[in-house]
Structure formats: structure tokens, C-alpha cells
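Novice: Quick one: the structure is below, questions incoming.
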Amino acid sequence: YLRPLYDALYEMMGVEKVVKLLEKNVIEIAPLAYMRGRTLNDAFVILDEAQNTTIEQMKMFLTRLGYGSTAVVTGDLTQTDLPKHVKSGLRDAIDVLRDVEGVTFTFFEARDVVRHPLVARIVNAYDRRDLHQIQPGATP
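In this text, residue positions in the sequence shown follow the numbering used here: the first is 18, and each later residue adds one.
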């Protein structure tokens, strides 16, 4: 489950540089479960796939920030793996923190997709379906 993070780092910086930065602890990749109890000072922290966090996990992550730190939280609310009855920690954070000073949200659309052009068309198709509230398996 950490493989996509390594893949992205390798693509951006090259394997050798990533390995050196990991060895020097300039870059640390840590599962969310290992964040409890930590304070992250002077750090740039990224929480990826945050749509799969619970409310409690999101709060725990956001309260790890120390002085001089910045957190970036990414996620796609349309791709949650949580059970239907469980509210995403990302959804909750958007609802709870939208008016908190120092917190900013950026929302992307299909036109922002940087993968294969077909992916943007796929996202648009799902968005159209959701807009018309057609459920999977139902006929329009």
C-alpha cells in the first residue's frame, strides 16, 4: 500500500536521490497508524488517500502538526473504501474546518486529471451519472 508513494518519489526525483534522502531521514514514509503521539516540527507532511481515513484518524493526523510545519491532505471523496455507514474523515474535515483560519481547500475536476486522457472522460461519465442520481445497475 506504500508502493504508490515510492513510485511517485522515484518519478519526481530519481531512485538514487530518493534512497539518499530516505537514508538521511530527510524523507520519511510512515503509515498513519504510526503517527499517534508524534509532534512534527519543521516538517512538510502529506496525507495521501485521506478519503479512507475515519474521523478519528483525520483528527489524530491533523493534531500532529508542530511549529513550522505544513500539512497537505489529498483524497478523492468519490473513491472511498470505507463502509457505506462510515463517514470519511476527509468529508468530515471539509465540513468542520472550512471556516478555520489557516486551513485552505482546493478541489479538482476532471479537467485537472494528469493521467491518460481517457481517465478524464471516465471521471466525467461518473460525474454525469452522479449528477443525474442514476444508481449503478439502474436504467436511466
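Backbone N, C-alpha and C define an ideal beta-carbon position, used for all residues, glycine too.
This one's a predicted model, so the numbers in the text were calculated from it and none came from an experiment.
Is V113 helix, strand or coil when you go by DSSP?
Specialist: Here the question's residue 113 lines up with position 96 in the sequence shown. V113: helix per DSSP, three-state reduction.
Novice: For R132 and I63, I'd like the C-alpha separation in whole angstroms.
Specialist: Reading the sequence shown from its first residue, position 115 is the one you call residue 132. Reading the sequence shown from its first residue, position 46 is the one you call residue 63. Taking the straight line joining both Cα atoms gives about 20 Å.
Novice: Could you please give me the residues that DSSP links to I63 through a beta bridge?
Specialist: Translated into positions along the sequence shown, residue 63 becomes position 46. Paired residues: V89.
Novice: Mind checking G92: buried by the 16 CB within 10 Å criterion, or exposed?
Specialist: As a position in the sequence shown, residue 92 is number 75, starting the count at 1. With 16 or more Cβ atoms within 10 Å of its Cβ, G92 is classed as buried.
Novice: How many angstroms separate the CA atom of T70 from the CA atom of K34?
Specialist: Working through the sequence shown from its first residue, we reach residue 70 at position 53. Working through the sequence shown from its first residue, we reach residue 34 at position 17. Distance between the alpha carbons of T70 and K34: 30 Å.
Novice: For my contact list, F78 and L49 are in at a C-beta cut-off of 8 Å; report their separation, rounded to the angstrom.
Specialist: As a position in the sequence shown, residue 78 is number 61, starting the count at 1. As a position in the sequence shown, residue 49 is number 32, starting the count at 1. Contact flag correct, Cβ pair sits at about 6 Å.
Novice: With 16 as the cutoff for other CB atoms within 10 Å, does Q150 come out buried or exposed?
Specialist: Indexing the sequence shown from 1 puts residue 150 at position 133. That one is exposed.
Novice: By how many angstroms is the C-alpha of A137 removed from the C-alpha of V130?
Specialist: Start at 1 with the first residue of the sequence shown, and residue 130 comes out as number 113. Start at 1 with the first residue of the sequence shown, and residue 137 comes out as number 120. Straight-line Cα distance between these residues: approximately 6 Å.
Novice: Could you spell out the range, first to last residue, of the alpha helix (DSSP H) harbouring Q74?
Specialist: Within the sequence shown, residue 74 is the residue found at index 57, counting from 1. Unbroken alpha helix (DSSP H) run through Q74: I72 to L79.
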